[in-house]
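Q:
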Amino acid sequence: MNSLFMILIFFINRKIGYAVLRDLNVTGFQNFLEARWGFFGSLSQGTILNTFQNEIVKVGDAMTSLANQLAVLFQLIILMCLPIFLMPLMVVTSIATLIVLTIPFLLLQRVNNRLGVLNTSTANRMMEVLHETFQGIKIVQGYGRQQVSMFRYLKAYDDHVQVTLTTQILTTGASNLHYVVGILAALAGMGVAIAYGGVLSEIAITLWSLQRVIPLANSMLVNKVNLDNFIGSYEQLQDIYKNAKDQKEHIGDRTFFRFENEIKFVDVDFSYPKRNQLFKKLNIQILKGEMIAFVGESGSGKSTIVDLILGLQVPTGGKIFLDGVVFEEWNKNSYREKIGYVPQDPILFHSSIRDNLLWSKEDSTEEELWKACKIANADQFIQRLPNGLDTIVGDRGVLLSGGQRQRIALARAILRKPPILILDEATSSLDSESEQLIQQSIDSIASETTIIIIAHRLSTIIRANRIYVLKSGELLETGNFSELMQKPNGYFASMFEMQTGTSLRK
Numbered sequence: 001m002n003s004l005f006m007i008l009i010f011f012i013n014r015k016i017g018y019a020v021l022r023d024l025n026v027t028g029f030q031n032f033l034e035a036r037w038g039f040f041g042s043l044s045q046g047t048i049l050n051t052f053q054n055e056i057v058k059v060g061d062a063m064t065s066l067a068n069q070l071a072v073l074f075q076l077i078i079l080m081c082l083p084i085f086l087m088p089l090m091v092v093t094s095i096a097t098l099i100v101l102t103i104p105f106l107l108l109q110r111v112n113n114r115l116g117v118l119n120t121s122t123a124n125r126m127m128e129v130l131h132e133t134f135q136g137i138k139i140v141q142g143y144g145r146q147q148v149s150m151f152r153y154l155k156a157y158d159d160h161v162q163v164t165l166t167t168q169i170l171t172t173g174a175s176n177l178h179y180v181v182g183i184l185a186a187l188a189g190m191g192v193a194i195a196y197g198g199v200l201s202e203i204a205i206t207l208w209s210l211q212r213v214i215p216l217a218n219s220m221l222v223n224k225v226n227l228d229n230f231i232g233s234y235e236q237l238q239d240i241y242k243n244a245k246d247q248k249e250h251i252g253d254r255t256f257f258r259f260e261n262e263i264k265f266v267d268v269d270f271s272y273p274k275r276n277q278l279f280k281k282l283n284i285q286i287l288k289g290e291m292i293a294f295v296g297e298s299g300s301g302k303s304t305i306v307d308l309i310l311g312l313q314v315p316t317g318g319k320i321f322l323d324g325v326v327f328e329e330w331n332k333n334s335y336r337e338k339i340g341y342v343p344q345d346p347i348l349f350h351s352s353i354r355d356n357l358l359w360s361k362e363d364s365t366e367e368e369l370w371k372a373c374k375i376a377n378a379d380q381f382i383q384r385l386p387n388g389l390d391t392i393v394g395d396r397g398v399l400l401s402g403g404q405r406q407r408i409a410l411a412r413a414i415l416r417k418p419p420i421l422i423l424d425e426a427t428s429s430l431d432s433e434s435e436q437l438i439q440q441s442i443d444s445i446a447s448e449t450t451i452i453i454i455a456h457r458l459s460t461i462i463r464a465n466r467i468y469v470l471k472s473g474e475l476l477e478t479g480n481f482s483e484l485m486q487k488p489n490g491y492f493a494s495m496f497e498m499q500t501g502t503s504l505r506k
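Counting from 1, one number per residue, gives the positions in the sequence shown under full-length UniProt numbering.
Below, the structure is given as structure tokens:
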């Protein structure tokens with residue numbers, strides 16, 4: 001009967017543990033996906049990875065330990081009924097002795113709580129070092145810093161192991177000492193019972209019950225110590241999940257079906273947290289069908305404008321209008337589905353070219369895939385690859401050249417036939433041939449798409465309908481290429497001449 005009971009308890013514990021684990025994973029992942037873009041700047045990738053890979057599992061184990069506590073408590077109550085009835089004085093004496101002897105364990109609990117928090121922080125650090133090292137492995141090897149990276153990892157690893165080992169020693173020590181405490185408590189109770197003339201048979205039955213109780217009480221202690229170890233994991237989960245939930249992105253209720261008129265910034269202010277104001281009273285207009293360019297030195301706010309257009313950042317003042325409607329009213333997901341976005345550093349997943357393209361439009365036909373690749377001037381090099389569209393590109397596209405990655409990213413954006421195409425310095429790090437191919441691709445779709453370009457190389461925006469020139473968040477000049485080049489002492493003209501060594505001023 002006892003075996004069946006233990007099997008039932010084990011089954012219930014596993015079910016509870018996995019149910020909690022699944023709920024924590026789903027809740028956390030959902031909260032992260034729905035959080036504002038700025039939320040991710042406040043956390044290291046190592047902390048995020050450690051939370052999902054380790055801390056959630058620990059909290060799931062804690063829930064199993066809690067279920068064990070309840071099961072053991074139920075058994076203790078059953079076993080204590082008979083001795084309390086037969087020898088109440090002996091039982092009370094044993095319990096009183098047990099309480100007194102358990103006081104040191106309460107001090108141990110405080111130490112264990114701190115160790116649990118420290119265990120989580122050292123695990124975070126170890127994961128951070130791992131992620132940073134392999135994310136930047138090219139820099140590590142290129143600078144010959146393998147030994148430095150190895151030292152950083154060993155330091156983080158040893159710190160984590162030291163905390164883990166200390167925790168395990170304390171847990172094991174507490175478990176073994178509690179057997180001694182239990183025996184002493186039972187002997188104290190028996191001594192009192194004999195002194196007061198207790199019946200030998202009743203003493204024997206009570207001792208038998210207490211002998212069964214001691215392992216269960218020890219099990220409760222071990223579970224309690226385990227729960228203490230998980231406090232750091234639980235606190236981290238609570239903090240991160242709450243932070244993500246508090247920073248949930250406002251999506252909006254109005255479905256965006258098509259881009260019909262314009263995007264307009266009206267007196268827009270913006271500043272990043274704990275930093276000086278970047279934009280003040282910024283006014284911009286992007287009409288349907290136009291090619292609009294933003295230029296300026298690094299830190300002038302070009303990419304921030306892209307983030308505002310994508311809805312990844314929110315103005316701290318003023319309004320952004322999309323087709324005459326305040327941007328916050330539009331459903332951001334339906335709006336972003338109409339946008340093609342190519343960042344400076346294209347993100348490719350460790351999968352095939354086909355899978356990376358289908359990320360944009362998963363129901364695309366083979367013909368549509370090749371058409372997008374042709375427009376992006378990616379078809380020829382893909383055809384030369386051994387497996388064509390089914391070629392694996394490696395993590396972040398590491399098996400392809402920079403120009404090839406950028407053209408695949410452009411093909412992915414073009415595949416969904418977006419009414420708005422955003423190119424965030426998409427050609428700034430490319431060689432002349434790759435830049436020319438992408439420029440040809442842009443020109444081929446300019447007549448049917450609104451194109452927003454963040455440009456580093458000013459020669460790539462000669463055909464832009466309007467160019468906004470920024471410096472330190474301030475809008476200095478506006479006009480097309482010819483107009484800006486003819487401005488006396490113009491900032492744009494000076495930038496162009498410095499880049500190309502050519503003067504086009506009359």
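From the three backbone atoms N, C-alpha and C, an ideal C-beta is built for every residue, glycine too. This one's a predicted model, so the numbers in the text were calculated from it and none came from an experiment.
Per DSSP, which one or two residues make a beta bridge with residue 285?
A: Residue mapping note: residue 285 aligns to position 285 of the sequence shown, counting from 1. For residue 285, DSSP records a beta bridge to 264.
Q: Classify residue 347 as buried or exposed, calling it buried when 16 or more other Cβ atoms lie within 10 Å of its own Cβ.
A: In the sequence shown, residue 347 corresponds to position 347, counting from 1. Exposed: under 16 other Cβ atoms inside 10 Å.
Q: Once you ignore the five residues that flank residue 280 on each side, which residues in its own chain have a CB closer than 6 Å to its CB?
A: For the purposes of this step, residue 280 is taken as the residue at position 280 of the sequence shown. Here the set comprises 269.
Q: Label residue 406 either buried or exposed according to how many other C-beta atoms from any shown protein chain fall within 10 Å of its C-beta, with 16 as the threshold for buried.
A: Taking the sequence shown and counting its residues from 1, one reaches residue 406 at position 406. Buried, since its Cβ has 16 or more Cβ neighbours within 10 Å.
Q: In three-state terms, what does DSSP make of residue 37?
A: On the sequence shown, residue 37 is found 37 positions in, with the first residue counted as 1. It is helical.
Q: With H, G and I counted as helix, E and B as strand and the rest as coil, what does DSSP make of residue 320?
A: The residue labelled residue 320 in the question sits at position 320 within the sequence shown. Note: residue 320 maps to strand in three-state DSSP.
Q: Rounded to whole angstroms, what is the Cα-Cα separation between residue 240 and residue 284?
A: By 1-based counting over the sequence shown, the position of residue 240 is 240. By 1-based counting over the sequence shown, the position of residue 284 is 284. Answer to the nearest angstrom: the Cα atoms are 36 Å apart.
Q: Tell me which same chain residues have a C-beta within less than 8 Å of the C-beta of residue 350, skipping the five on either side of it?
A: Within the sequence shown, residue 350 is the residue found at index 350, counting from 1. Excluding sequence neighbours, residue 350 sits near 392, 393, 394, 395 and 396.
Q: Within this structure, are the beta carbons of residue 254 and residue 330 separated by less than 8 Å?
A: In the sequence shown, residue 254 corresponds to position 254, counting from 1. In the sequence shown, residue 330 corresponds to position 330, counting from 1. Yes, the pair counts as a contact, with Cβ atoms nearer than the cut-off.
Q: Look up residue 47 in the DSSP assignment and say whether it is helix, strand or coil.
A: Indexing the sequence shown from 1 puts residue 47 at position 47. Helix at residue 47.
Q: By a C-beta neighbour count over all protein chains shown, 10 Å radius and 16 as the cutoff for buried, is residue 90 buried or exposed?
A: Within the sequence shown, residue 90 is the residue found at index 90, counting from 1. Reliability of the predicted coordinates at residue 90 is poor, the pLDDT of 48 falling under 50, and the value obtained from them is presented with this limitation in mind. Result: buried.
Q: Can you list, in chain order, the residues of its chain whose CB lies under 7 Å from that of residue 414, leaving out five sequence neighbours each side?
A: Counted from its first residue, the sequence shown places residue 414 at position 414. Taken in chain order, the residues that qualify are 340, 372, 375, 376 and 445.
Q: Count the other CB atoms, across all protein chains shown, that sit within 10 Å of the CB of residue 71; report buried if there are 16 or more and exposed otherwise.
A: Here residue 71 refers to the residue found at position 71 when the sequence shown is read from its first residue. With 16 or more other Cβ atoms within 10 Å, it is buried.
Q: Check the C-beta distance from residue 34 over to residue 249 and give it rounded, since I have them as a contact under 8 Å.
A: Numbered from its first residue, the sequence shown carries residue 34 at position 34. Numbered from its first residue, the sequence shown carries residue 249 at position 249. 6 Å between Cβ atoms; contact.
Q: Name the DSSP beta bridge partners of residue 352, please?
A: The residue you call residue 352 lines up with position 352 of the sequence shown. BP columns for residue 352 point to 392.
Q: Is the CB-CB distance between residue 478 and residue 468 below 8 Å?
A: To locate residue 478, count along the sequence shown from 1; it is residue 478. To locate residue 468, count along the sequence shown from 1; it is residue 468. Inclusion of residue 478 and residue 468 in the CB contact set at 8 Å is warranted, their separation being smaller than that value.
Q: Looking at the secondary structure, which residues open and close the beta strand (DSSP E) in which residue 533 lies?
A: No information on residue 533 is available, as it lies outside the stretch 1 to 506 that the chain covers here.
Q: Going by the C-beta, is residue 484 closer than 7 Å to any heavy atom of the ligand MN?
A: As far as ligands go, the structure on display features none, and thus does not contain the ligand MN.
Q: Could you give the DSSP three-state label for residue 296: helix, strand or coil?
A: By 1-based counting over the sequence shown, the position of residue 296 is 296. Here residue 296 sits in strand by DSSP.
Q: Classify residue 149 as buried or exposed, calling it buried when 16 or more other Cβ atoms lie within 10 Å of its own Cβ.
A: On the sequence shown, residue 149 is found 149 positions in, with the first residue counted as 1. Label assigned to residue 149: buried.
Q: What are the boundary residues of the alpha helix (DSSP H) that includes residue 414?
A: As a position in the sequence shown, residue 414 is number 414, starting the count at 1. Its alpha helix (DSSP H) spans residues 402–415.
Q: Take residue 334 and list the residues in its own chain whose beta-carbon comes closer than 7 Å to its own, dropping the five residues that flank it on each side.
A: As a working note, residue 334 is residue 334 in the sequence shown. Contacts found: 255 and 256.
Q: Rounding to the nearest angstrom, what Cα-Cα distance links residue 247 and residue 38 in this structure?
A: As a working note, residue 247 is residue 247 in the sequence shown. As a working note, residue 38 is residue 38 in the sequence shown. In a straight line, the C-alpha of residue 247 is about 8 Å away from that of residue 38.
Q: Going by C-alpha to C-alpha distance, which of 490, 472, 54 and 227 sits closest to residue 300?
A: In the sequence shown, counting from the first residue as 1, residue 300 sits at position 300. Answer by Cα proximity: 472.
Q: Would you call residue 65 buried or exposed, if buried means 16 or more other Cβ atoms sit within 10 Å of its Cβ?
A: Looking up residue 65 in the sequence shown gives position 65. So residue 65 ends up on the buried side.
Q: In three-state terms, what does DSSP make of residue 337?
A: Position 337 of the sequence shown, counted from the start, is the residue given in the question as residue 337. Three-state result, residue 337: coil.
Q: Note down, in chain order, each residue of its chain lying with its Cβ closer than 7 Å to the Cβ of residue 282, except the 5 sequence neighbours on either side.
A: Position 282 of the sequence shown, counting from 1, holds the residue named residue 282. Answer for residue 282: 265, 268 and 475, listed in chain order.
Q: Would you call the CB atoms of residue 449 and residue 421 closer than 8 Å?
A: Taking the first residue of the sequence shown as position 1, residue 449 is located at position 449. Taking the first residue of the sequence shown as position 1, residue 421 is located at position 421. Cβ distance < 8 Å, so residue 449 and residue 421 count as in contact.
Q: CA-CA distance, residue 315 and residue 453?
A: Against the sequence shown, residue 315 aligns to sequence position 315. Against the sequence shown, residue 453 aligns to sequence position 453. Between the alpha carbons of residue 315 and residue 453 lies a gap of roughly 20 Å.
Q: Going by CA-CA distance only, name the one from 402, 403, 370 and 401 that's closest to residue 390.
A: As a first step, residue 390 must be located in the sequence shown, where it is residue number 390. The candidate whose alpha carbon is nearest that of residue 390 is 370.
Q: Answer yes or no: do residue 164 and residue 236 have a C-beta to C-beta separation smaller than 8 Å?
A: Along the sequence shown, one-based indexing puts residue 164 at 164. Along the sequence shown, one-based indexing puts residue 236 at 236. Taking 8 Å as the Cβ cut-off, residue 164 and residue 236 do not qualify as a contacting pair.
Q: Which residues mark the beginning and the end of the alpha helix (DSSP H) in which residue 375 is found?
A: The residue given as residue 375 occupies position 375 in the sequence shown. Where residue 375 is concerned, the enclosing alpha helix (DSSP H) stretches over 366–375.
Q: Are there 16 or more other CB atoms within 10 angstroms of the CB of residue 425, so buried, or fewer, so exposed?
A: As a first step, residue 425 is located in the sequence shown; it is residue number 425 there, counting from the start. With 16 or more Cβ atoms within 10 Å of its Cβ, residue 425 is classed as buried.
Q: Applying the criterion that 16 or more other CB atoms from any shown protein chain within 10 Å of the CB defines a buried residue, is residue 151 buried or exposed?
A: Numbered from 1 along the sequence shown, position 151 holds the residue referred to as residue 151. Per the 10 Å Cβ criterion, exposed.
Q: For residue 116, count neighbouring Cβ atoms within 10 angstroms of its own Cβ and tell me buried if that reaches 16, exposed if not.
A: Residue 116 sits at position 116 when you count from the first residue of the sequence shown. So residue 116 ends up on the buried side.
Q: What's the gap between the Cα of residue 352 and the Cα of residue 486?
A: As a working mapping, residue 352 is identified with position 352 in the sequence shown. As a working mapping, residue 486 is identified with position 486 in the sequence shown. In a straight line, the C-alpha of residue 352 is about 48 Å away from that of residue 486.
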